[in-house]
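Taken in sequence, the protein lines are chains A and B. So for the first sequence, numbering that gives the first Met the number 0 puts the first residue at 0; every next one is plus one. So for the second sequence, numbering that gives the first Met the number 0 puts the first residue at 0; every next one is plus one. C-beta: ideal position from N, C-alpha, C; glycine also. Worksheet for the structure shown next.
Protein chains: 2
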Amino acid sequence: MPRQSTEIRREQIAGIVLEIITDHGLESLSMPGVASRLGLVQSALYRHFNNKEEMIAAAMKLAKSRMIGLVLNAVSGKSDAMKALRSVLASFDEFRKIAVIFPRIVFSLPDGDTLESRRDSVRQIVEEILSNIENVICEGQRIGKIKKSLDPAVVAIQFWGILVTANLRWHLTGGDFDVESHMNDAWKFFKNAVAP
Amino acid sequence: MPRQSTEIRREQIAGIVLEIITDHGLESLSMPGVASRLGLVQSALYRHFNNKEEMIAAAMKLAKSRMIGLVLNAVSGKSDAMKALRSVLASFDEFRKIAVIFPRIVFSLPDGDTLESRRDSVRQIVEEILSNIENVICEGQRIGKIKKSLDPAVVAIQFWGILVTANLRWHLTGGDFDVESHMNDAWKFFKNAVAP
DNA sequence: ACCTGAACACCGTTCAAGT
DNA sequence: ACCTGAACACCGTTCAAGT
Chain A
0 MPRQSTEIRR EQIAGIVLEI ITDHGLESLS MPGVASRLGL VQSALYRHFN NKEEMIAAAM
60 KLAKSRMIGL VLNAVSGKSD AMKALRSVLA SFDEFRKIAV IFPRIVFSLP DGDTLESRRD
120 SVRQIVEEIL SNIENVICEG QRIGKIKKSL DPAVVAIQFW GILVTANLRW HLTGGDFDVE
180 SHMNDAWKFF KNAVAP
Chain B
0 MPRQSTEIRR EQIAGIVLEI ITDHGLESLS MPGVASRLGL VQSALYRHFN NKEEMIAAAM
60 KLAKSRMIGL VLNAVSGKSD AMKALRSVLA SFDEFRKIAV IFPRIVFSLP DGDTLESRRD
120 SVRQIVEEIL SNIENVICEG QRIGKIKKSL DPAVVAIQFW GILVTANLRW HLTGGDFDVE
180 SHMNDAWKFF KNAVAP
């Protein structure tokens with residue numbers, strides 16, 4: 000493998016780190032592992048990142064942009080707010096693939112500052128997603144599909160709960176559970192709860 | 000620290016491991032760390048457990064019994080099903096303290112069999128909790144407080160979602176969020192959705 | 001039966017040295 | 001400017017040896 004500029008190496012490393020965390024978890028992420036995928040020696044990584052934590056942060060940034068893109072893509076161009084929300088649930092499989100890394104990060108718990116900065120980056124992503132969903136819900140209230148007395152923030156969290164519980168069930172069962180049923184059931188429950 | 004029987008050592012170790020995972024996370028769990036808390040040398044632990052994984056399993060078993068106890072305690076002796084459910088939400092703070100370890104385990108992702116056996120133990124616990132909640136919901140349907148057309152399993156998962164999202168929010172914000180508001184809002188939403 | 005101490009392979013990080 | 005190779009402290013596990 001030829002020499003590469005730090006700019007390119009940083010991108011390569013972020014991609015590999017994200018892939019490893021997504022497919023094999025944080026515990027399987029090792030400097031020798033990342034380095035060998037690039038045909039390098041582990042110490043070479045320290046030219047491009049100060050430490051492992053910064054490599055993880057770069058991977059998180061990548062995941063964030065993919066995640067936001069996914070949500071925006073799901074809701075955009077839908078004829079009304081309820082269809083947009085349903086479409087977010089429908090893209091759960093892509094959602095889930097990107098989202099694994101967030102609980103892994105949040106619940107990994109190293110100590111002190113490291114913890115806080117990891118957690119903060121996930122919190123920002125979740126807040127951005129929730130705010131996007133909140134917008135859709137407001138739109139739903141405007142067109143009279145969602146009860147106006149409900150607080151959009153509360154509804155957004157309940158909606159987010161559908162994705163979160165599905166994600167947990169998926170990981171608890173190793174993917175062996177009926178996603179479609181979960182979504183249908185949860186959606187019916189949700190729709191009934193928000194109906195004017 | 001004097002010599003102790005394997006029986007006593009296993010209990011001591013399980014307690015210490017659970018405490019470390021709960022307070023500092025799986026990453027901070029080290030053989031030297033556990034051993035020193037008992038005034039032992041790390042290799043001494045291998046007399047009582049075959050490896051680190053079995054120590055974690057013992058800690059999980061401890062957490063399971065505490066968790067089930069908590070739920071049973073919250074629902075028992077309540078005058079009706081809705082009060083029992085609300086009381087589960089009210090005990091969130093204790094719930095959360097015990098429950099941290101589950102996502103930590105589920106999302107830690109070591110490889111292969113280890114993963115599967117860790118995940119399975121958490122799945123069993125979640126299923127047991129869900130089945131307890133389902134029973135309460137059936138009771139609620141019997142006394143006419145919950146719409147009879149709803150599938151108790153679906154309602155149980157929606158209810159579980161309240162705890163799960165609260166737990167996530169708690170960890171995302173480092174405990175700096177209004178639990179009571181979350182519970183009040185979510186409960187109102189839930190109650191409205193299940194009302195006959 | 002319970003524990004110690006030395007050893008091994010592995011990991012994250014540093015640093016001097018190569019090109 | 002990018003990379004290698006040796007070194008260090010740390011971890012999980014094994015094993016022979018102590019009492």
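Neighbouring residues, chain B, relative to residue i (Cβ below 9 angstroms)
i	result
residue 107 of chain A	24, 25, 26, 103, 106, 107
residue 143 of chain A	Under the 9 angstroms cutoff, chain B gives no residues; its nearest Cβ is about 18 angstroms from residue 143 of chain A.
residue 115 of chain A	173
Terminal residues of the alpha helix (DSSP H) in which residue i lies
i	result
residue 32 of chain A	30-36
residue 178 of chain B	178-193
residue 135 of chain A	112-141
residue 156 of chain A	151-171
residue 86 of chain B	80-89
Backbone secondary structure at residue i - three-state DSSP
i	result
residue 27 of chain B	helix
residue 40 of chain A	coil
residue 97 of chain B	helix
residue 174 of chain B	coil
residue 145 of chain A	coil
residue 72 of chain B	helix
residue 77 of chain B	coil
residue 107 of chain A	coil
residue 102 of chain A	helix
residue 64 of chain B	helix
residue 11 of chain A	helix
residue 46 of chain A	helix
Under 7 angstroms by beta carbon: chain B residues contacting residue i
i	result
residue 153 of chain A	184, 188
residue 156 of chain A	164
residue 112 of chain A	None at all; the shortest Cβ gap to chain B is about 12 angstroms.
residue 167 of chain A	163
residue 76 of chain A	Simply none; closest approach about 28 angstroms.
beta-carbon residue i near the ligand COA non-hydrogen atom, thresh 6 angstroms
i	result
residue 33 of chain B	The model depicted lacks the ligand COA and carries no ligand whatsoever.
Where residue i meets chain A, residues with beta-carbon distance less than 8 angstroms
i	result
residue 170 of chain B	105, 106, 118
residue 14 of chain B	Going along chain A, no residue has its Cβ under 8 angstroms from residue 14 of chain B, so there is no contact; the nearest lies around 19 angstroms.
Proximal residues of chain A, C-beta to C-beta of residue i below 7 angstroms
i	result
residue 191 of chain B	192
residue 68 of chain B	Neighbours of residue 68 of chain B on chain A: none; closest Cβ ~21 angstroms, over 7 angstroms.
Chain-ordered chain A contacts of residue i [CB-CB under 9 angstroms]
i	result
residue 150 of chain B	184
Contacts that residue i makes with chain B (C-beta to C-beta distance below 8 angstroms)
i	result
residue 139 of chain A	Going along chain B, no residue has its Cβ under 8 angstroms from residue 139 of chain A, so there is no contact; the nearest lies around 15 angstroms.
### Query
Which of the residues in the segment 118-134 of chain B, read from start to end, lie with their CB under 9 angstroms from any CB of chain A?
Listed by position, the residues of the segment 118-134 of chain B near chain A (Cβ gap below 9 angstroms) are 118, 119, 121, 122, 125, 126.
### Members of the segment 31-50 of chain A near chain B, C-beta cut-off 9 angstroms
Per Cβ criterion, the list is empty.
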